[in-house]
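Sequential numbering from 1 applies to the sequence shown in full-length UniProt numbering.
One structure below.
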Amino acid sequence: MRQGSTTLELEATRERVLDAAEELYYGRGVQAVGMDAVRTASGVSLKRLYQLYPSKAALVEAYLRRRDARLLDGLARYVEAAPGPPEERVAAVFDWLYEWFSEPDYRGCAFINSYGELGATTPEVAAAARAHKEAFQRYLAGLVEAADLPAALAAQLALLAEGAITTAAISGTPEPARQARAAARVLMDAARGAVGPPL
């Protein structure tokens, strides 16, 4: 019984640390936040923090991996709930982006931000950022295939989404998601050889 409770306590401690890291890293930037700040925000001793994550790079990687899983899961749940034909699920990706961009604490893509700060010097961060972008494009590829559209469209849609993510962060408005959605409709219509009204 004690072993099980110890495992649960360890998992709860990990979650507290990752919650604190996510809030601090996403809100302030990775380089601006030291391990002391994560310790203080999480209420975990520095010794325990380093037992869980032996380096800042290990903590940043864990934060990014968890964020990846949560973002892609949230996106998939949102998209699967979209009514209509499969093309509407592609469009729903951009509706989800609009909602994300509208959140008051939106600061752009955590993966792009972290890569920009540490990607050149921290292979773990670069790998986590690449893995996330690849997983996102694979997800889009599945939607494209389900809509019976050309496979090459997935990379084009990913570029639209990435551009919208960055532009929304810089401009401070969610409108790039709507613009990217309209562009996605143009691409889908062109792929089908048809011209239709914007989504």
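C-beta atoms are modelled at their ideal positions from N, C-alpha and C, and glycine is treated no differently.
Whose CA, out of P123, A158, R130 and V90, lies closest to the CA of V144? Your numbering for residue 144 matches position 144 in the sequence shown. Closest option to V144, Cα to Cα, is V90.
Spatial neighbours of A44 within its chain, please: CB distance less than 7 Å, with the 5 preceding and 5 following residues excluded, ordered by chain position. Position 44 of the sequence shown, counted from the start, is the residue given in the question as residue 44. Inspection of the sequence shows that residue 44 is occupied by Val rather than by Ala. Excluding positions up to five away in sequence, the list reads T13, R16 and V17.
Grouping DSSP H, G and I as helix and E and B as strand, with all else coil, what is V90? Residue 90 sits at position 90 when you count from the first residue of the sequence shown. Looking at V90 - three-state DSSP - the assignment turns out to be helix.
Going by the beta-carbon positions, is the gap between D95 and A146 smaller than 9 Å? Reading the sequence shown from its first residue, position 95 is the one you call residue 95. Reading the sequence shown from its first residue, position 146 is the one you call residue 146. The answer is no: Cβ separation not under 9 Å.
Would you call the segment 96-103 in contact with the segment 173-191, where contact means no fewer than 3 C-beta pairs closer than 8 Å? yes
Contact the segment 107-119 vs the segment 158-168: 3+ CB pairs below 8 Å: yes
How should L64 be labelled, buried or exposed, when 16 other C-beta atoms within 10 angstroms of its C-beta is the threshold for buried? Numbered from 1 along the sequence shown, position 64 holds the residue referred to as residue 64. Per the 10 Å Cβ criterion, buried.
Helix, strand or coil, according to DSSP, for Q179 in the structure here? Walking along the sequence shown from the start, residue 179 turns up at place 179. Q179 falls in the helix class under three-state DSSP.
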